[in-house]
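Visitor: Sequence positions in the sequence shown follow this note's numbering and run 715 to 1072.
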Amino acid sequence: MRGFGRLGRETSFDMITVYSDAHRRHAPETIAIRGMIVGNLELPARADALVQAARQAGCDIRPPDAHDDAPLLAVHSQDYIDFLASAYDRWKEAFGEDRAGPYACAHASPTRYPARVPASIQAQVGYYLSGGSAPIDKGTWVAARDAAHCALTAAEHVLDGAGEAYAICRPPGHHAYADLAGGFCYLNNSAIAAQAMAAREGRTAILDIDVHHGNGTQDIFYDRGDVFFASIHADPNEVFPFYVGYADETGEGEGEGANLNLPLPRRSGDDVFLDALDTALAGIADFAPPSLVLSLGFDAYENDPQQEMAVSTEGFREAARRIAALRLPTAIIQEGGYCVDDLGKNLTAFLEGFDKGR
Ligand SMILES: [Zn+2]
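#1: With DSSP as the reference, label R813 as helix, strand or coil.
#2: Is the distance from the Cβ of L974 to the Cβ of G997 below 7 Å?
#3: Enumerated in chain order, which unbroken segments of the alpha helix (DSSP H) with a length of 4 residues or greater are wholly contained in the segment 723 to 773?
#4: Do L1008 and L921 have their C-beta atoms closer together than 7 Å?
#5: Could you pull the start and end residues of the beta strand (DSSP E) that A1048 belongs to?
#6: Measuring CA to CA, which of D803, K1059 and L901 is closest to A814?
#7: Within 6 Å: the Cβ of V925 and any heavy atom of ligand 1?
#8: Can we count D933 as close to ligand 1, meaning its CB is less than 6 Å from some heavy atom?
#9: Tell me the DSSP bridge mates of C899?
#10: Note down, in chain order, each residue of its chain lying with its Cβ closer than 7 Å to the Cβ of F718, except the 5 sequence neighbours on either side.
#11: Could you give the first and the last residue of the continuous beta strand (DSSP E) run that contains I920?
#12: Would you mind sorting M750 into buried or exposed? The rule is 16 or more other CB atoms within 10 Å of its CB.
#13: Ordered along the chain, which non-local residues of its own chain (more than five positions away) have a Cβ less than 7 Å from that of A736?
#14: Excluding sequence positions up to five away, which residues of its chain have a Cβ less than 6 Å from the Cβ of A801?
#15: Output the distance between the C-alpha atoms of A1063 and A1033, rounded to the nearest integer angstrom.
#16: Please say whether A869 and L901 have beta carbons closer to each other than 7 Å?
#17: Kindly indicate if chain D contains any beta-carbon less than 7 Å away from that of S1009.
#18: Going along the chain, which residues of its own chain have a beta-carbon closer than 8 Å to the beta-carbon of K1059, five neighbours each way excluded?
#19: CA-CA distance, T731 and E1049?
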């Protein structure tokens, strides 16, 4: 493999880790799920726990490098970026404090029928936000943009010769389409990283082990043959994002055969998860990319509040070892994982397993 010679570091514990405090500015306290207004699981405490564990493991924590919007626009549309950057202020201006809730969120969405893009903020939040789990808070745009810059910075370190780099992205990204937010995600951090890597090296692969299907990532690269996408996730028939993520979605046009979905029964444990991982890794090895983007979720964890799968801390350690054994330069991009108390433990196990696999 072309990337083989770049793996020069001695231990994963000094892994370059890119992190920005700006995530704290995105902190909606509630979301709408199953007809209920509930406490948000996607909390600032998640990233705080991850950066604390990374620091304790000896990772080399750095801020993201400054970027303009060009790498974001390589994945997302200009109108969508403009919407994200202005939605909160437009929402407040249109409705004030009395006629709307604290966050901009969808009232109606243009599903299944032809739709146009009206000019009003109330119409646009439905057009650009796919459901009740992507509210826009005062600091959402700043946090999402910095998270994308964290992913880009990690990708650039890998392109510049680091064997691997880790981006603590919050909000996460893999449910974001080119012009549609959803499932806690606004900008697709992993897609932005992969696009930068494919632009420099001609091709790359993305492995998504978050418990939810990476629907946004799949869609962005679905008709492209230069980016292979493999996703291991809980059966979308029962689990978000519901409408895509099935095994018969294999790509189209030049992308035919470059999309591999491995949906698993809910509450699957380590054995099923690791068997699927082996299938995904074999697909990636066949594609023979020069680098890898890993969409790393810890929400397949057995104690995650959403209870979608039952992977143990040792399961994440072993998964990391097998992924590292591909010996590809790897940009590791944080996605979900909502058991805040155990995020640090699972990240530490992942880092130890990754080091062992190298
Ligand atoms: Zn997830």
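Glycine included, C-beta positions come from ideal geometry on N, C-alpha and C. Keep in mind that this is a model prediction, so the values were computed, not measured.
Guide: Let's see:
#1: coil
#2: yes
#3: 758 to 770
#4: yes
#5: The amino acid occupying residue 1048 in the given sequence is Gln; Ala does not appear at that position. Taken as a continuous stretch (DSSP letters only), the beta strand (DSSP E) holding Q1048 covers T1044 to Q1048.
#6: D803
#7: yes
#8: no
#9: G896
#10: Any reading at F718 is ruled out, since the residue's pLDDT is 35, under 50, leaving its predicted position unreliable.
#11: T918 to D922
#12: exposed
#13: V856, A857 and D860
#14: A818 and I850
#15: 10 Å
#16: no
#17: No chain D is present in this structure, which holds just one protein chain.
#18: A767 and T1027
#19: 14 Å
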